[in-house]
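Student: If you read the protein sequences in the order shown, they are chains A and B. At position 36 of the first sequence (counting the first as 1) the number is 36 in UniProt numbering, and the numbers step up by one without a gap. At position 282 of the second sequence (counting the first as 1) the number is 282 in UniProt numbering, and the numbers step up by one without a gap. Each residue gets a CB set at the ideal place from its N, CA and C atoms; glycine is no exception. Please read these numbers as outputs of a predicted model, since none were measured by experiment.
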Amino acid sequence: MSKLGNLGARLHRGEVGYDFVGNRKFWYGLSILITITAIVGLAVRGLNMGIEFQGGAVFTTDRVTVSASQAEKFAEEAAGHDAIVQELGTGGLRIQVSSLNTEQADKVEAQLVQDLNLKAGDINSELVGPSWGEQIANKAWTGLGIFMILVVIYLAIAFEWRMAVAALIALIHDITITVGVYALVGFEVTPGTVIGLLTILGYSLYDTVVVFDSLKEGTKDITKQTRWTYSDIANRSINSTLVRSVNTTVVALLPVAGLLFIGGGVLGAGMLNDISLSLFVGLAAGAYSSIFIATPLVADLKEREPAMKALRKRVMAKRASAAAKGESLDGPSGPGDFDPLPVDAAPAGAVVGQRGRRGRPTDKRR
Amino acid sequence: MAAPKKGRGPAGGQGRPGRALALILIAMVALTGGMFWSGHTTPRLGIDLAGGTTITLKAEAEKGKEDAVNETNMNTAVGIIERRVNGLGVSEAEVQTQGKEHIIVNIPKGTNSKQAREQVGTTAQLYFRPVLTYAPSEPAAKPSGSPKPSPSASASDGKGTDGKGKSSATPSASATTQGRPVTDGLKKAPTPSATASGSPKATETPKASTPPAPDAATAALEKKFAALNCLDPKQRSAAGQDVKPTDTIVACGKNGIGQWEKYILGPAEVDGKDVDDAKAAIDERVGQWIVQMEFTDAGAKKFQKITGRLSQQQPPMNQFAIVLDGEVVSAPSVRTTLSANAEISGSFTQESAQDLGNILSYGALPLSFNEESVTTVTAALGGEQLEAGLIAGAIGLALVVIYLVVYYRGLSLIAILSLLASAVLTYTLMALLGPAIGFALNLPAVCGAIVAIGITADSFIVYFERIRDEVREGRTLRPAVERAWPRARRTILVSDFVSFLAAAVLFVVTVGKVQGFAFTLGLTTLLDVVVVFLFTKPIMTLLARTKFFGNGHAWSGLDPKRLGAQPPLRRSRRVSAPTDPKEA
Chain A
1 MSKLGNLGAR LHRGEVGYDF VGNRKFWYGL SILITITAIV GLAVRGLNMG
51 IEFQGGAVFT TDRVTVSASQ AEKFAEEAAG HDAIVQELGT GGLRIQVSSL
101 NTEQADKVEA QLVQDLNLKA GDINSELVGP SWGEQIANKA WTGLGIFMIL
151 VVIYLAIAFE WRMAVAALIA LIHDITITVG VYALVGFEVT PGTVIGLLTI
201 LGYSLYDTVV VFDSLKEGTK DITKQTRWTY SDIANRSINS TLVRSVNTTV
251 VALLPVAGLL FIGGGVLGAG MLNDISLSLF VGLAAGAYSS IFIATPLVAD
301 LKEREPAMKA LRKRVMAKRA SAAAKGESLD GPSGPGDFDP LPVDAAPAGA
351 VVGQRGRRGR PTDKRR
Chain B
1 MAAPKKGRGP AGGQGRPGRA LALILIAMVA LTGGMFWSGH TTPRLGIDLA
51 GGTTITLKAE AEKGKEDAVN ETNMNTAVGI IERRVNGLGV SEAEVQTQGK
101 EHIIVNIPKG TNSKQAREQV GTTAQLYFRP VLTYAPSEPA AKPSGSPKPS
151 PSASASDGKG TDGKGKSSAT PSASATTQGR PVTDGLKKAP TPSATASGSP
201 KATETPKAST PPAPDAATAA LEKKFAALNC LDPKQRSAAG QDVKPTDTIV
251 ACGKNGIGQW EKYILGPAEV DGKDVDDAKA AIDERVGQWI VQMEFTDAGA
301 KKFQKITGRL SQQQPPMNQF AIVLDGEVVS APSVRTTLSA NAEISGSFTQ
351 ESAQDLGNIL SYGALPLSFN EESVTTVTAA LGGEQLEAGL IAGAIGLALV
401 VIYLVVYYRG LSLIAILSLL ASAVLTYTLM ALLGPAIGFA LNLPAVCGAI
451 VAIGITADSF IVYFERIRDE VREGRTLRPA VERAWPRARR TILVSDFVSF
501 LAAAVLFVVT VGKVQGFAFT LGLTTLLDVV VVFLFTKPIM TLLARTKFFG
551 NGHAWSGLDP KRLGAQPPLR RSRRVSAPTD PKEA
């Protein structure tokens, strides 16, 4: 912890840090690559849609004496086509038969109860009409659309439109990656997955918003100083919230991991598992995108603004002259100079730099 | 986010931690007290955790009548379904609309879910149509399937003579009732003698005369009729689909002894809405179950017209069919003109009489519904899932606590207490919302609560990191706690707002289980704000006054040395630095 605590402190002061904004092209490239892979995966392999999207039935039994392969035979006989049977941690079976309407499913259920030697009340069934999953998905898309619009409006008001755009891109990026992972790995897509995916929306933005908040605070009086460009400060914001981002992601992933373990390991497949799996993938993507994509994007957009361009010019000129004088650029600057940050920012590209206000080399103690 | 503005005072003014704490403690005590007082000490469990059956129905708009799926009709449908289900003796079944076009029916364990489903089912419109002809539907190749000759006339025979002006019909399946003097009544005799005597030929040659005015349409209909095999469920439902009330149609129906028959039926003349009430009753004179119908004024007129005409006809054209969702439920024959009150009698059992009564009075759903999903969960599996959810939650919580302890040491105490406060509030609210608004804890809701652990803990992390930043700046803890608060507060509010927005949108646009998830997520997000404002911050302020935290004990998680704070020499300057982050 002391190591971590130190890292936090050094990140906080900008002694260590990673130039997220400066290296953004690399991360953009990486994300584009991942996104393309995801899209190709989606196009080529498609999604493995669960029973809920095809119509069919899932039967779950209590502990049975029949083996899974035997049960599969029974189910296939009863239904007239393929059935998928899984053994559950509880000793029961999960039997999945696709393309049944609810009426046929009733018959299959009755047959299974007989074949598996169960009491009539001892079988759980989930019968789904073919349009059910589609409706959930449609509603999810509607929800996604409404949410995106609302969030963009909110972020545009609370922050500014550039941040809203960047957050939106990060969000789409997260969803694409999650969907891509599902396509490539072949996880089954169920309504539970959709729920998980929708939760990611909130969570991914949650993370992004925290970084933006710190960025907004840091750049409040940016034009009143000539020491840092917008990108510098953006970079600084990411680094100073890095500990928090990591902690948040860990803390969010831990319960989900618990869910995944219990849902997948003990109950076998099911809703717990589906939700937690998509959450797990999405949360990871969300943490990545809020750090590597969203904030650098804001910086990119911001730097196009005339005011920020002018600022960059001034900062560069000042650094150049400081370099020419051979002085530390950290010297107290003119009357117009103003330290906008609650913490000092380090220039981009020199993040592992020095700190110290009066031009003295920093922290000899360390 | 209309959150209480607490601890707004500048560094030094430490708010009134005592008051905020008292407020939240009172709230917790009140909620807990309310929970015990109301007797609902556990949250109401959803079907997937308690066991039972959930049916999701979707309203299907008919072509050209898309606006029929509206709130009024949906509410009528909910009322009808509710009465039907509760007519089965299910006391705790819930029927609710969800979204614009869905109805969710929750039937707790211990009920005959199959029967419930049939009742709730997809049953749509009820029509009374004149019977033009009918025939038993038996595959010609299976003569062995032909029914036995019916033993005797139904006991209701002949007793229909009553002076009450009521009518009686005999839904007896027995063919022997055919032609018997059933006076003053509607006699249900769907089975012609041909069936009763077991003649398989009846399939090819309907005994009854074909409908009048043969033309192309009629020929097509007859062809359809001849081809129709009612034993095939697919054909059966296909026959009843996409028919207009004004069409002449083919339809299937089961007769009193459970055999399928097929019919050609004329245009509907009375529909379900014309039935004011119908119920099963015992005809005391003979001790037989009958079904009494009452018509509305308009219905009585229409019914009078159809019975007046039918009573003049020869069998089988003196019958009318009660058609529910394209299937003939009953086809009594008419002996006389009837009006507002009518009685159907015959060899009903109590069950069959009640079923018909229910169908007649509640059959007229204003909309047709599709069964979208049916989930049946045994109590055993429900318990298992609940247990698994709780274990998962416990594991998740334990992992988070361990992580917090390792990373934040003494500070984690505050985080854990806050999580605890949040848990108490969430639990009591869930328990109380059960009886209050019908909230039921289902599996996705448990998931939502577990996911919320992360969101809640995150608020503390935001705050703690801010405090640590301030300590690193060289502040002592007390001012650090106060200075960190306004910034942390804003971040927490903004991010919680986004999270709440996601939950709210999910709740509004989705259906069923997803709603449970969204609800918990939204609830816990709100509670997170409450807890952070009224609990975490005040506790932090109070603990900052203690020696352990205030002096930055090595285990407090706020040790300036460990945090790599700047030496105090810088502090004097920083305090006066114009960076006061006092945003409102």
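Indicate the three-state DSSP secondary structure (helix, strand or coil) for B:Asn255 in the structure shown.
Tutor: Your numbering for residue 255 of chain B matches position 255 in the second sequence. Three-state DSSP puts B:Asn255 in coil, outside helix and strand.
Student: Relative to the alpha-carbon of B:Thr296, which residue among B:Val270, B:Asn318, B:Met317 and B:Ile290 has its alpha-carbon at the smallest distance?
Tutor: The residue labelled residue 296 of chain B in the question sits at position 296 within the second sequence. Nearest C-alpha to B:Thr296: B:Val270.
Student: Quick one: list the residues of chain A neighbouring B:Phe517, beta-carbon separation under 8 Å, in chain order.
Tutor: Position 517 of the second sequence, counted from the first residue, corresponds to residue 517 of chain B. Chain A residues near B:Phe517: Ile195, Thr199 and Ile275.
Student: For A:Leu311 and B:Ser556, what's the separation of their Cα atoms in angstroms?
Tutor: Stepping through the first sequence from its first residue, residue 311 of chain A is reached at position 311. Stepping through the second sequence from its first residue, residue 556 of chain B is reached at position 556. Distance between the alpha carbons of A:Leu311 and B:Ser556: 43 Å.
Student: Under 7 Å, Cβ to Cβ, is there at least one residue of chain D near A:Pro255?
Tutor: Among the chains of the structure shown, chain D does not appear; the protein chains present are A and B.
Student: Going by the beta-carbon positions, is the gap between A:Ser99 and A:Gly56 smaller than 7 Å?
Tutor: Counting from 1 along the first sequence, the entry for residue 99 of chain A is found at position 99. Counting from 1 along the first sequence, the entry for residue 56 of chain A is found at position 56. Yes. Within cutoff.
Student: Using a Cβ distance threshold of 8 Å, determine whether the region 522 to 530 of chain B contacts the region 455 to 473 of chain B, with at least three qualifying pairs required.
Tutor: As far as the Cβ criterion goes, the region 522 to 530 of chain B touches the region 455 to 473 of chain B, which means the pair count is three or higher.
Student: Using the C-alpha atoms, what's the distance from A:Gln225 back to B:Tyr407?
Tutor: Taking the second sequence and counting its residues from 1, the one referred to as residue 407 of chain B is at position 407. Taking the first sequence and counting its residues from 1, the one referred to as residue 225 of chain A is at position 225. Roughly 36 Å separates the two Cα atoms.
Student: Quick one: list the residues of chain A neighbouring B:Ala544, beta-carbon separation under 9 Å, in chain order.
Tutor: Counting from 1 along the second sequence, the entry for residue 544 of chain B is found at position 544. Simply none; closest approach about 18 Å.
Student: Roughly how many angstroms separate the alpha carbons of residue 595 of chain B and B:Phe519, rounded to a whole number?
Tutor: In the structure as shown, chain B starts at 1 and stops at 584, and residue 595 of chain B therefore has no counterpart that could be examined.
Student: So which of B:Phe548, B:Val514 and B:Leu521 has the shortest CA-CA distance to B:Arg409?
Tutor: Working through the second sequence from its first residue, we reach residue 409 of chain B at position 409. Among B:Phe548, B:Val514 and B:Leu521, the Cα nearest to that of B:Arg409 belongs to B:Phe548.
Student: Rounded to whole angstroms, what's the CA-CA distance from A:Leu297 to A:Asp213? Just pull it up for me.
Tutor: Against the first sequence, residue 297 of chain A aligns to sequence position 297. Against the first sequence, residue 213 of chain A aligns to sequence position 213. Roughly 15 Å between the two C-alpha positions.
Student: Which residues in the same chain as A:Lys302 place their Cβ atom closer than 7 Å to its Cβ, once the five residues preceding and following it in sequence are excluded?
Tutor: Position 302 of the first sequence, counted from the start, is the residue given in the question as residue 302 of chain A. Hits under 7 Å: Arg162, Tyr230 and Met308.
Student: Would you call the region 415 to 427 of chain B and the region 382 to 394 of chain B touching, i.e. three or more CB-CB distances under 8 Å?
Tutor: No, they do not touch.
Student: Skipping 5 residues on each side, what residues in its chain have a beta carbon closer than 8 Å to that of B:Ser499?
Tutor: Residue numbering aside, residue 499 of chain B sits at position 499 when the second sequence is read from its first letter. Taken in chain order, the residues that qualify are Ile455, Leu521 and Thr525.
Student: If you draw a straight line from the alpha carbon of B:Asp355 to that of B:Lys58, how long is it in whole angstroms?
Tutor: The sequence position of residue 355 of chain B within the second sequence is 355, counting from 1. The sequence position of residue 58 of chain B within the second sequence is 58, counting from 1. Their Cα atoms are separated by approximately 23 Å.
Student: At the level of alpha carbons, what is the spacing between B:Leu228 and B:Val250?
Tutor: Here the question's residue 228 of chain B lines up with position 228 in the second sequence. Here the question's residue 250 of chain B lines up with position 250 in the second sequence. Roughly 8 Å separates the two Cα atoms.
Student: When we look at the beta-carbon of B:Pro206 and count the other beta-carbons within 10 Å, is it buried (16 or more) or exposed?
Tutor: On the second sequence, position 206 is the one that residue 206 of chain B refers to. A caution first: B:Pro206 carries a pLDDT of 41, below 50, which makes its placement in the model unreliable, though a value can still be read off. So B:Pro206 counts as buried.
Student: Distance, Cα to Cα, B:Ala30 vs B:Ile467?
Tutor: What you label residue 30 of chain B is simply residue 30 of the second sequence in a count that begins at 1. What you label residue 467 of chain B is simply residue 467 of the second sequence in a count that begins at 1. So the two alpha carbons sit approximately 32 Å from each other.
Student: Taking the CB atoms as reference points, tell me whether A:Ala167 and A:Thr199 lie closer together than 7 Å.
Tutor: In the first sequence, residue 167 of chain A corresponds to position 167, counting from 1. In the first sequence, residue 199 of chain A corresponds to position 199, counting from 1. Not in contact: A:Ala167 and A:Thr199 (Cβ atoms no closer than 7 Å).
Student: Return the CA-CA distance between B:Ala217 and B:Glu82, expressed in angstroms with no decimal places.
Tutor: Numbered from 1 along the second sequence, position 217 holds the residue referred to as residue 217 of chain B. Numbered from 1 along the second sequence, position 82 holds the residue referred to as residue 82 of chain B. Cα to Cα, B:Ala217 sits roughly 41 Å from B:Glu82.
Student: Which chain A residues are close to B:Ile450, counting only those with a beta carbon under 8 Å from its beta carbon?
Tutor: Here residue 450 of chain B is taken as the residue at index 450 of the second sequence, counted from 1. Under the 8 Å cutoff, chain A gives Pro255, Val256, Gly258 and Leu259.
Student: Please list, in chain order, the residues of the region 400 to 414 of chain B that have any C-beta partner in chain A closer than 8 Å.
Tutor: So the list reads Val400, Tyr403, Leu404, Val406, Tyr407 and Arg409, given in the order they occur along the chain.
Student: Give a yes or no on whether the minimum CB-CB distance between B:Leu126 and chain A is below 7 Å.
Tutor: Working through the second sequence from its first residue, we reach residue 126 of chain B at position 126. B:Leu126 does not count as touching chain A.
Student: Which residue from A:Arg45, A:Asn247, A:Asn23 and A:Ile123 puts its Cα closest to that of A:Tyr182?
Tutor: Numbered from its first residue, the first sequence carries residue 182 of chain A at position 182. When each option's Cα is compared against that of A:Tyr182, the closest is A:Arg45.
Student: Let me check understanding here. Comparing Cα to Cα, which of B:Glu473, B:Pro130 and B:Ala544 lies closest to B:Val334?
Tutor: Translated into the one-based positions of the second sequence, residue 334 of chain B becomes position 334. When only C-alpha atoms are compared, the closest one is B:Pro130.
Student: Between B:Ser330 and B:Lys223, what straight-line distance do the alpha-carbon atoms span, to the nearest angstrom?
Tutor: As a first step, residue 330 of chain B must be located in the second sequence, where it is residue number 330. As a first step, residue 223 of chain B must be located in the second sequence, where it is residue number 223. Using only the alpha carbons, I get a separation of about 24 Å.
Student: Pull the bridge partners of A:Asn239 from the DSSP assignment, please.
Tutor: Taking the first residue of the first sequence as position 1, residue 239 of chain A is located at position 239. None; A:Asn239 has no bridge partner.
Student: Grab me the residues of B:Arg309's own chain with a C-beta within less than 6 Å of its C-beta, minus the 5 sequence neighbours each way, in chain order.
Tutor: Here residue 309 of chain B refers to the residue found at position 309 of the second sequence. Excluding residues within five positions, none has a Cβ falling inside 6 Å.
Student: I want to see whether chain A comes within less than 7 Å of residue 666 of chain B, judged by CB atoms only; does it?
Tutor: Any property of residue 666 of chain B remains undetermined from this structure, which presents chain B solely from 1 to 584.
Student: Determine the extent of the beta strand (DSSP E) in which B:Trp289 is found, giving its start and end residues.
Tutor: Taking the second sequence and counting its residues from 1, the one referred to as residue 289 of chain B is at position 289. Its beta strand (DSSP E) spans residues Gln288 to Phe295.
Student: Out of B:Lys100, B:Val105, B:Gln98 and B:Glu60, which one is the CA nearest neighbour of B:Val80?
Tutor: The residue labelled residue 80 of chain B in the question sits at position 80 within the second sequence. Correcting the residue identity first, residue 80 of chain B is Ile in this sequence and not Val. Comparing Cα positions, the closest option is B:Val105.
Student: Using the Cα positions of B:Ala398 and B:Gln515, report the straight-line distance between them to the nearest angstrom.
Tutor: Within the second sequence, numbered from 1, the residue matching residue 398 of chain B stands at position 398. Within the second sequence, numbered from 1, the residue matching residue 515 of chain B stands at position 515. Approximately 27 Å, taken between the alpha carbons.
Student: For the region 74 to 88 of chain A, enumerate the residues whose C-beta is nearer than 8 Å to any C-beta of chain B, in chain order.
Tutor: Taking 8 Å as the Cβ-Cβ cut-off against chain B, none of the residues of the region 74 to 88 of chain A qualify.
Student: Taking only runs of the alpha helix (DSSP H) that begin and end inside the region 20 to 55 of chain B, which ones reach a length of at least 4 residues, in chain order?
Tutor: With a minimum length of 4 residues, the continuous alpha helix (DSSP H) runs that stay inside the region 20 to 55 of chain B are 47 to 50.
Student: Quick check on DSSP: helix, strand or coil for B:Glu327?
Tutor: Translated into positions along the second sequence, residue 327 of chain B becomes position 327. In the structure shown, B:Glu327 sits in a strand (DSSP, three-state: E or B).
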